[in-house]
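Notes follow once the structure below has been shown.
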Amino acid sequence: MASRFRMTIGRKIGMGFGLFIFFALLVVVLTNRTLERSREINEQINKVYSPSVDALVRLRNLVVNAHVLIKYWAQVESRTDAREKMTLVELTERDLPALLDRVDTLSAGWDREEVARLAGIYAELDRLFAMHSRVKNMLPSMESYKDPMVWLERNELAEEGGVLDVQTELVLEELDRLLEMQENRRKELGGSMLVSFDSLKFFVLYMGLALIAIGLVVSWLIVRGIVRPVHSLRHVLLSLGRGVFPRTRVVQTGDEIGDMSKALSELVDGLRRTTEFSHAVAAGRFDAEYMPLSEEDVLGHALLKMRDELGQRERI
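With numbering that gives the first Met the number 0 as the guide, the letters of the sequence shown map in order to residues 0 to 315.
Structure representation (structure tokens):
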């Protein structure tokens, strides 16, 4: 069971490359996630909040312009086709509905608090433009300006600090609050995108340093686990090639090089025993014991045969 899970050379190299691949994939996944999140934030800013701010600013300007024009309608005797009156009619009947439709479409991407505030603004706008309609209905022609009852009512509506001024100021204040919320939300999203990129930069930097450190450690371990035993094997083989038994033991590991080291150690031990046996036979000790390395050990069996033959000749 132990041999099945031993750390072979292939597994060592595979583990080293596996660590690199794992961390590289981790960087790719986190980078992709950050970029996807940033894309969503950027899309939300460009397609929802920036257009929303622009539309609300236009709505605010329209309310201001309409206020100036309705006060002109109420206070200045003028014909029905006067430029100011025609402009006001165009603002309220064409521009305002189109702008409100645009805001309604954009508000689908807002949060609940912003939508609730917009609903309150719509209610106040309805009250404001209902007052505009009263003024228009009250003063449809030049002759209507001469009616004393109309004069009193239009003064009450359009005088400085009157109902029209108060209601318009209320609408503008609510629009300013909503604009502030929209701007804050846009800044918050922009800051969130910057934080995401800063986090990615930080992670990639330190992950790169970690990859370098891990690569150095893994390389050192692999080199140490392969090169050192190979150098030991080389030293032993070179010594044997010169007919010298090495004094140092071969470094043994749990991989294929370890198998070769073990086999070489057994070979060295066998050759050493063979040498000792040869010396014993040469000294006339024909009863010296010797165990061949295996059944296929040709040299070992030949030495045993030589010992037996020399022993027989000695007895003769």
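Ideal Cβ placement from N, Cα and C applies to all residues, glycine included.
Between the CA atoms of residue j and residue i - distance to the nearest angstrom
i      : j      : result
Glu275 : Leu210 : 54 Å
Asp110 : Gly189 : 17 Å
Ser231 : Ile256 : 10 Å
Val94  : Val165 : Correcting the residue identity first, residue 94 is Asp in this sequence and not Val. Each residue's alpha carbon lies about 23 Å from the other.
Leu18  : Tyr205 : 16 Å
Leu90  : Ala81  : 14 Å
Ala212 : Arg223 : 16 Å
Arg306 : Ile225 : 42 Å
Gly269 : Glu295 : 13 Å
Met0   : Ala262 : With a pLDDT of only 40 at Met0, under 50, the local geometry of the prediction cannot be trusted, and the value read off the model is given with reservation. Answer to the nearest angstrom: the Cα atoms are 21 Å apart.
Met137 : Leu193 : 56 Å
Leu169 : Arg38  : 37 Å
Phe22  : Glu42  : 30 Å
Asp100 : Gly207 : 51 Å
Ala65  : Pro96  : 13 Å
Pro147 : Ile44  : 54 Å
Tyr289 : Gly242 : 21 Å
Asn31  : Leu24  : 10 Å
Arg10  : Arg36  : 38 Å
Glu313 : Asp258 : 43 Å
Glu179 : Phe128 : 24 Å
Met141 : Val88  : 17 Å
Test item: CB-CB of residue i and residue j under 8 Å
i      : j      : result
Ala73  : Arg126 : no
Gly119 : Glu173 : yes
Val267 : Val235 : yes
Leu163 : Ile69  : yes
Arg185 : Val27  : no
Pro291 : His300 : yes
Ser143 : Val149 : yes
Ala157 : Leu98  : no
Contact set for residue i: own chain, Cβ-Cβ below 7 Å, skip 5 residues either direction
i      : result
Pro50  : Leu105
Val217 : Gly15 and Leu18
Cutoff 8 Å; reference residue i; Cβ partners in own chain excluding five residues on either side
i      : result
Leu309 : Val280 and Phe285
Pro139 : Thr79
Ser191 : Ile40
Phe245 : For the record, residue 245 in the displayed sequence is Pro; it is not Phe. If we look at Pro245 and ignore the five residues flanking it on each side, its Cβ neighbours are His234, Val235, Ser238, Leu239 and Val267.
Distance between beta carbons of residue j and residue i, contact taken as under 8 Å
i      : j      : result
Ser264 : Pro228 : Wrong, their Cβ atoms sit about 12 Å apart, outside the cutoff.
Ile12  : Ile221 : 7 Å
Val102 : Leu58  : 7 Å
Leu171 : Val56  : 12 Å between Cβ atoms; not a contact.
Phe202 : Leu34  : Contact doesn't hold; Cβ gap of about 13 Å is too wide.
Val302 : Thr273 : The amino acid at residue 302 is misidentified as Val; the sequence shows Leu. With a Cβ gap of about 7 Å, Leu302 and Thr273 count as contacting.
Sequence-distant residues of its chain with Cβ nearer than 6 Å to residue i (five each side left out)
i      : result
His131 : Ile69
Glu83  : Leu68 and Tyr71
| the segment 179-199 in contact with the segment 123-142 per 3-pair CB rule at 8 Å | no
| task | Inspect the CB distances between the segment 70-90 and the segment 142-156 and report whether three or more fall short of 8 Å. | result | yes
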